[in-house]
Structure formats: structure tokens, C-alpha cells
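Heads up: the sequence shown is residues 465 to 685, going by this note's numbering. Just so it is clear, CB atoms sit at the ideal spot from N, CA and C, and this is done for glycine as well. Okay, structure first, notes after.
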Amino acid sequence: MTEYTDPTAEVAAPAPAPTTRPATAPAATDPVTAPAATVPAATVPAAAAPTPSATPAPSDAAPATAGLPFGQPLPPPHENVARGLLVALAAVLVAGVLAVVVWNLGFIASITSAVLAIGASLGYAKAAGAPPRRGIAPLVVLIVLGVVGTALAFVGWDASQYYTEHAAEAAAAGVSRGSFIWENITDGEVLSGYGGDLAMYFVFAALGTFGVLRSLLRTPA
Numbered sequence: 465m466t467e468y469t470d471p472t473a474e475v476a477a478p479a480p481a482p483t484t485r486p487a488t489a490p491a492a493t494d495p496v497t498a499p500a501a502t503v504p505a506a507t508v509p510a511a512a513a514p515t516p517s518a519t520p521a522p523s524d525a526a527p528a529t530a531g532l533p534f535g536q537p538l539p540p541p542h543e544n545v546a547r548g549l550l551v552a553l554a555a556v557l558v559a560g561v562l563a564v565v566v567w568n569l570g571f572i573a574s575i576t577s578a579v580l581a582i583g584a585s586l587g588y589a590k591a592a593g594a595p596p597r598r599g600i601a602p603l604v605v606l607i608v609l610g611v612v613g614t615a616l617a618f619v620g621w622d623a624s625q626y627y628t629e630h631a632a633e634a635a636a637a638g639v640s641r642g643s644f645i646w647e648n649i650t651d652g653e654v655l656s657g658y659g660g661d662l663a664m665y666f667v668f669a670a671l672g673t674f675g676v677l678r679s680l681l682r683t684p685a
């Protein structure tokens, strides 16, 4: 007879699984007491390191003149004598007319001689492009002629005014205006009557000429 086996009978119990110990967790590190990590110091390249700027030694050599190489001095400005005298002549004529107008108005015209001299000198320097050095002699001659001519113009103007007042008598005597004026400006006795006015006129002309020419000639070339 076959033996009946109960399925609920003993069953081999499964083998127990091996016990695995958990890995030990790293201990917590106290940020206060933990030693600081050692970081290697950065190495600065020698080329990047700052170097003190070298101060150039003062040089005893004279600085070069601006405008030209090798320290050469600038050439003196060219003095155009002809153009300077032409402008000075125009200034003399204008100042002479102004002086006669002032004289005719009854004012003292002595100071106009200084205006004549200063205007002629400054006009020369402006037109010539340089102070009057080569042209100083003809400029002074031009100023003297202008002053003398203007002084004679005072006398001639008075003579012309007198002739106008006595035109009938002069015409009856056959004396022309031009001859009458010429006789007066060349007569020593007539000129002596203007002695004081003409003397002051010449003094102001001399002061004006000397002052302006000295100022111009002291200007560096």
C-alpha cells in the first residue's frame, strides 16, 4: 500500500539570508575644530610681477626748438621794406589831413604829430611783416617829411583862408592863390609867427617816433 504524504508536512526551511553589515558612515566633521585644508599657494609668473617704473635721469641737453629739427633756431621774418613804406606813406597822408582838420577847427593840433609818427611806424611793421630794421632809415625820413609837410600845411591853410577873405583885392593886384600860399609858407617872418605851435608840433612828433620805434625794435626778431 502506497504511503500518503501530506503536502503540509515538513518543508525544508529556506536558508537564512546572509546578514550584510551596513557600511560605516563617515564621521561628521566639526567645521570649527576641523583642520583647514591646505591649498597650494598660487605661483605668480615673474613676467606678471609689477616692477617699479624707472625714472629717466634729467638730461642736460638743451631742448630742441619747436618747428625745426636738430634744435635749429627759427629764421628771422622777412622784412618787406617797399610794402611797409607804402603803407606808412598812406598813414602819413591820412594823419596829415586829420591834423589840418583839427587845426581848422581851432583845436591844438600838436598831438596829431604823435599820431602821425605812431601810425606810420605801426603801419610799416604790419605791412612789412617785421619791425623796421632794414627800413628804419627811410621810415624816419618819411615821418620827418610828413611832419614838416603837415606843419607847412597849417600855414598854407591859414594863407588860403586869408586869400579867400581878400579875393577881390588879390585879383586886382594880380596875385593868384597858389603864389600867395607859396610866399607865406616860404617867408621866415610868417613862419616865426607860428613858432610856439610848430615847436610843440615837432616835439610831439619826436616823442611819438622815438617811443614807438623803440618799442618795435625791442621786439625779438
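DSSP state of residue 627 mapped onto helix, strand, coil: Here residue 627 is taken as the residue at index 163 of the sequence shown, counted from 1. In this structure, residue 627 counts as helix in the three-state DSSP scheme.
Alpha helix (DSSP H) runs wholly inside the region 587-663, at least 4 long, in chain order: Segments of the alpha helix (DSSP H) lying fully in the region 587-663: 600-629, 631-636, 641-649, 652-656.
Residue 580, buried or exposed, once every other Cβ within 10 Å from all chains shown has been counted against 16: As a position in the sequence shown, residue 580 is number 116, starting the count at 1. Burial call: buried.
Status (buried if at least 16 other CB within 10 Å, exposed otherwise) for residue 584: Counting from one through the sequence shown, the residue named residue 584 turns up at place 120. Residue burial annotation: residue 584 is buried, with at least 16 other C-beta atoms found within 10 angstroms of its C-beta.
Sub-9 angstroms separation of residue 546 and residue 668 beta-carbons: Numbered from its first residue, the sequence shown carries residue 546 at position 82. Numbered from its first residue, the sequence shown carries residue 668 at position 204. No, these two residues do not count as a Cβ contact at 9 angstroms.
Residue 673 in three-state terms, based on DSSP: Working through the sequence shown from its first residue, we reach residue 673 at position 209. Helix.
Stretch-stretch touch, CB-based, cutoff 8 angstroms, three pairs: the region 615-626 with the region 562-575: Touching, yes.
When 631, 637, 599, 650 are compared against residue 544, the one with the closest alpha-carbon: In the sequence shown, counting from the first residue as 1, residue 544 sits at position 80. The shortest Cα separation from residue 544 among 631, 637, 599, 650 belongs to 599.
Own chain residues within Cβ distance below 6 angstroms of residue 563, not counting five before or after: Counted from its first residue, the sequence shown places residue 563 at position 99. Cβ neighbours of residue 563 within its own chain (closer than 6 angstroms, five residues either side excluded): 573, 576, 614.
In chain order, each beta strand (DSSP E) run of at least 3 residues that lies wholly inside the region 559-583: Along the length of the region 559-583, whole beta strand (DSSP E) runs at least 3 residues long do not occur.
Touching by the beta-carbon criterion (3+ pairs, under 8 angstroms), the region 548-557 and the region 640-655: Segment contact: the region 548-557 against the region 640-655, fewer than three CB-CB distances shorter than 8 angstroms; contact not assigned.
Three-way DSSP call (helix, strand, coil) for residue 682 in this model: Indexing the sequence shown from 1 puts residue 682 at position 218. If DSSP states are grouped into helix, strand and coil, residue 682 belongs with coil.
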